Amino acid sequence: MLNSGKSIMDWSERLAQFSEPQWAAKNQLTCTYLTPAHIQTAAELRVLMHEAGFDEVSTDAVGNVVGIYRGAQPDTDTQGSPVQLKTLLTGSHYDTVRTGGKYDGRLGVLIPVACVAELVRQKRRLPFNFEVVGFSEEEGQRFRATFLASGALTGDFDPDWLEQQDTDGVTMRQAMHAAGLPGDMVAINQLKRDPSRYLGFVEAHIEQGPVLCEGGQPLGVVTSINAGVRATCKITGMAAHAGTTPMLMRQDALLAAAEISLMAESRARQDEGSVATVGQMQVPGGSINVIPGECLFTLDMRAPFDAQRDALVNDILAQAQVIAERRQVNFEFTEVMRASAAPSDPLLQQRWERAVQAVGQSVFKLNSGAGHDAMKLHTIMPQAMLFVRGGNRGISHNPLEIISAEDAALATQAFMALLDGFQIDLTNTK
Ligand SMILES: [Zn+2]
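The sequence shown stops at residue 436 when you use my numbering, and every number in between is there.
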């Protein structure tokens, strides 16, 4: 086996050298959709895939980097015509949040790239095609179009997204044209995958949480990805003089938002596994001596099951209206993302369990609090994920995000064991 741990650490550094200028200056990583740093990252990923020995490497109409390692020449059926090989799909995203980590997403591309490098070294072909996708966008940073990249594969790319503007007023279509992409729905619709040609989707990902690190487990098998809803919220009150307006005569938009945030916290705490977060809050044009007349904030709400998530969202919305009425402000809620819970396919999950055991580890199962590309692919084909332990108590979406070369190597061996498992099963069913 090649020294896959070292390779993955080196490759992660090679990809991380491309960061947007404002962050690069601070030696931090930010790589959002179709910025120059993002386009350079994609180019480097193509180089890595070529070096590993993929048969085909390309960039598709939404900027996904797609590598294919073709399966062994197919047998012929009884009529003498060649049997269409199925394809195992894997991958993860190469975009990052602002001030992100080097492994979130990218690890799930680099592990299968390391597997292909090893297969090439062994001069081995699998009895199926192996398709590795570096998804161009998962984090929803530059545009409010989270999962647009994996969504293009499932036919969920919303045509309205093309007209959406970033904070500089650049539309997604313009950004696509600047990156040399067609920027039209005809090309994007062609990316939709036909599930009948696939064995399923598997994704490796850094855990992004403390569970594996605290539990002393290098690898975890994911049982389900949490359901989530994201919304942008707007409170409209009345801007007024901070000195002359008595406390009981105010319509303070910020305080209403603050009370709603605290309410969301306590409501989420009532459930096992529910979480609610206000990640952004702004008082547009606010001043030190003006009562906030307007407040914008975001809400991110997640739970392990759809029904639990729906109850959480409905309760928070109803309570927010009560708070708004009492404070005599207007509350607007715009849902920007809704994702169903994605339980792992039992058979694929079992393949990960066997793969983890094959590399001498005990099976440790956990659910995913974070959303992943696998939840998009879940809508059209079976999926299951493998988590890799993050150091620093699993901190992620942070420059402190870290993995060890040993864990990267172990994850690559487990991925190889997964591929071998498919090989044995497909060979036996011939
Ligand atoms: Zn990620």
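Positions of the beta carbon are idealized from the N, C-alpha and C atoms, including for glycine. Model, not experiment: these values are computed from the prediction.
TODO: With DSSP collapsed to three states, give me the class of E169.
DONE: Indexing the sequence shown from 1 puts residue 169 at position 163. DSSP places E169 in the helix class (H, G or I) of the three-state scheme.
Task: DSSP beta-bridge partners of Y449 - done: There is simply no residue 449 to check, as the chain begins at 7 and stops at 436 in what is shown.
Task: Among R360, T385, A414 and A390, nearest to A437 - alpha-carbon criterion - done: Lying before the first or after the last residue shown, residue 437 is absent from the chain, which here runs from 7 to 436.
Open item on the list: According to DSSP, simplified to helix, strand and coil, what is P88?
Closed with: Numbered from 1 along the sequence shown, position 82 holds the residue referred to as residue 88. Strand at P88.
Task: Within 8 angstroms, strictly: CB atoms of D172 and R148 - done: Taking the sequence shown and counting its residues from 1, the one referred to as residue 172 is at position 166. Taking the sequence shown and counting its residues from 1, the one referred to as residue 148 is at position 142. Taking the C-beta atoms as reference points, R148 is found nearer than 8 angstroms to D172.
Task: Q355 burial status per 10 Å Cβ neighbour count (16 or more: buried) - done: As a first step, residue 355 must be located in the sequence shown, where it is residue number 349. By the neighbour-count rule (16 or more Cβ atoms within 10 Å), Q355 is buried.
- [ ] Can you give me the start and stop residues for the alpha helix (DSSP H) that R127 sits inside?
- [x] If you number the sequence shown from 1, residue 127 lands on position 121. L113 to R127 is the extent of the alpha helix (DSSP H) around R127.
Open item on the list: Since D379 and E144 should fall inside the 8 angstroms C-beta cutoff, what is the C-beta to C-beta distance between them, to a whole number of angstroms?
Closed with: For the purposes of this step, residue 379 is taken as residue 373 along the sequence shown, with counting starting at 1. For the purposes of this step, residue 144 is taken as residue 138 along the sequence shown, with counting starting at 1. Indeed, because the Cβ distance is near 6 angstroms, the residues count as touching under 8 angstroms.
Task: Buried versus exposed call for G140 [16 or more other C-beta atoms within 10 Å across all chains shown] - done: Taking the first residue of the sequence shown as position 1, residue 140 is located at position 134. Buried: at least 16 other Cβ atoms inside 10 Å.
- [ ] Hey, could you find the ends of the alpha helix (DSSP H) S267 is sitting in?
- [x] Walking along the sequence shown from the start, residue 267 turns up at place 261. Where S267 is concerned, the enclosing alpha helix (DSSP H) starts and stops at A259 to R275.
Open item on the list: Does the beta-carbon of D110, which I'm using as the reference point, lie nearer than 7 angstroms to any heavy atom of ligand 1?
Closed with: Taking the first residue of the sequence shown as 1, we reach residue 110 at position 104. Inclusion of D110 in the 7 angstroms shell around ligand 1 follows from its C-beta lying nearer than that to a non-hydrogen atom of the ligand.
Open item on the list: For T304, tell me which candidate among R112, V284 and L261 has the shortest Cα-Cα distance.
Closed with: One-based indexing of the sequence shown puts residue 304 at position 298. It is V284 whose Cα lies nearest to the Cα of T304.
Open item on the list: On a Cα-Cα basis, can you pick out the residue from N373, V208 and L218 that is closest to A361?
Closed with: Here residue 361 is taken as the residue at index 355 of the sequence shown, counted from 1. Considering only alpha carbons, the answer is V208.
TODO: Go to C219, then tell me how far its alpha helix (DSSP H) extends in each direction, as first and last residue.
DONE: Counting from 1 along the sequence shown, the entry for residue 219 is found at position 213. From DSSP, the alpha helix (DSSP H) with C219 extends over V217 to G221.
Open item on the list: Run through the DSSP bridge pairs and tell me what F337 is partnered with.
Closed with: The residue labelled residue 337 in the question sits at position 331 within the sequence shown. Paired residues: I241.
Task: Alpha-carbon to alpha-carbon, R256 and A330 - done: Here residue 330 refers to the residue found at position 324 of the sequence shown. Here residue 256 refers to the residue found at position 250 of the sequence shown. The C-alpha of R256 is placed about 13 angstroms away from the C-alpha of A330.
Task: Contact test: H378 Cβ vs ligand 1 heavy atom, cutoff 7 angstroms - done: Counted from its first residue, the sequence shown places residue 378 at position 372. Yes, since a heavy atom of ligand 1 falls inside the 7 angstroms radius drawn around the Cβ of H378.
Task: Cutoff 7 angstroms; reference G189; Cβ partners in own chain excluding five residues on either side - done: As a position in the sequence shown, residue 189 is number 183, starting the count at 1. Closer than 7 angstroms at the Cβ level, and outside the excluded window around G189, lie L168, R179, M182 and H183.
Task: Residue of A30, E26 and F60 minimising C-alpha distance to Y39 - done: The residue given as residue 39 occupies position 33 in the sequence shown. Looking only at A30, E26 and F60, the smallest Cα-Cα distance to Y39 is reached by E26.
- [ ] Kindly identify the DSSP beta-bridge partner or partners of F136.
- [x] If you number the sequence shown from 1, residue 136 lands on position 130. DSSP output for F136 lists Y75 and L94 as bridge partner(s).
Open item on the list: Nearest by alpha-carbon distance to A348: which of R308, M381 and A324 is it?
Closed with: As a position in the sequence shown, residue 348 is number 342, starting the count at 1. Of the candidates R308, M381 and A324, the one whose C-alpha sits nearest the C-alpha of A348 is M381.
Task: As assigned by DSSP and simplified to three states, the class of S410 - done: Start at 1 with the first residue of the sequence shown, and residue 410 comes out as number 404. Annotated three-state conformation of S410 is coil, per DSSP.
Open item on the list: Closer than 7 angstroms to a non-hydrogen atom of ligand 1 - does that hold for the CB of E144?
Closed with: For this step, residue 144 is matched to residue 138 along the sequence shown. Within the cutoff, so yes.
Open item on the list: On a Cα-Cα basis, can you pick out the residue from G186, F136, E137 and I194 that is closest to D164?
Closed with: Translated into the one-based positions of the sequence shown, residue 164 becomes position 158. For the residues G186, F136, E137 and I194, the minimum Cα distance to D164 belongs to I194.
Task: Where the alpha helix (DSSP H) through W12 begins and ends - done: Translated into the one-based positions of the sequence shown, residue 12 becomes position 6. Looking at the sequence itself, residue 12 is Lys, so the reference to Trp does not match. For K12, the uninterrupted alpha helix (DSSP H) segment begins and ends at S10 to A22.
Task: Check: H183 C-beta below 7 angstroms from any heavy atom of ligand 1 - done: Working through the sequence shown from its first residue, we reach residue 183 at position 177. Incorrect: H183 has no Cβ contact closer than 7 angstroms to ligand 1.
- [ ] Name the two residues that bound the continuous alpha helix (DSSP H) containing E359.
- [x] Position 353 of the sequence shown, counting from 1, holds the residue named residue 359. Taken as a continuous stretch (DSSP letters only), the alpha helix (DSSP H) holding E359 covers P352 to A364.
TODO: Going by DSSP, name the residue or residues bridged to H211.
DONE: Here residue 211 refers to the residue found at position 205 when the sequence shown is read from its first residue. H211 has F393 as its beta-bridge partners, per DSSP.
- [ ] Look up P349 in the DSSP assignment and say whether it is helix, strand or coil.
- [x] Your numbering for residue 349 matches position 343 in the sequence shown. Here P349 carries a strand assignment [DSSP, helix/strand/coil].
Open item on the list: What I want to know is whether the C-beta of H211 ends up closer than 7 angstroms to one or more non-hydrogen atoms of ligand 1.
Closed with: In the sequence shown, counting from the first residue as 1, residue 211 sits at position 205. Yes, the Cβ of H211 comes within 7 angstroms of a heavy atom of ligand 1.
Open item on the list: Within 10 Å of its beta-carbon, does E124 have 16 or more other beta-carbons around it, so buried, or fewer, so exposed?
Closed with: Residue mapping note: residue 124 aligns to position 118 of the sequence shown, counting from 1. Looking at its Cβ environment, which holds 16 or more other Cβ atoms inside 10 Å, E124 is buried.
Task: Stretch pair the stretch 388-395 + the stretch 243-258: three plus CB contacts closer than 8 angstroms - done: Segment contact: the stretch 388-395 against the stretch 243-258, fewer than three CB-CB distances shorter than 8 angstroms; contact not assigned.
TODO: Answer yes or no: the CB of H99 versus the heavy atoms of ligand 1, is any distance below 7 angstroms?
DONE: Mapped onto the sequence shown, residue 99 falls at position 93. Yes, ligand 1 has a heavy atom inside 7 angstroms of this Cβ.
TODO: Just the C-alpha distance for E3 and Q334, rounded to the nearest angstrom, thanks.
DONE: Residue 3 lies beyond the residue range present for the chain, which begins at 7 and ends at 436; the question has no answer from this structure.
Task: Burial state of I294 (16 or more Cβ within 10 Å) - done: Locating residue 294 in the sequence shown gives position 288, where the first residue counts as 1. When all chains shown are included, I294 counts as exposed.
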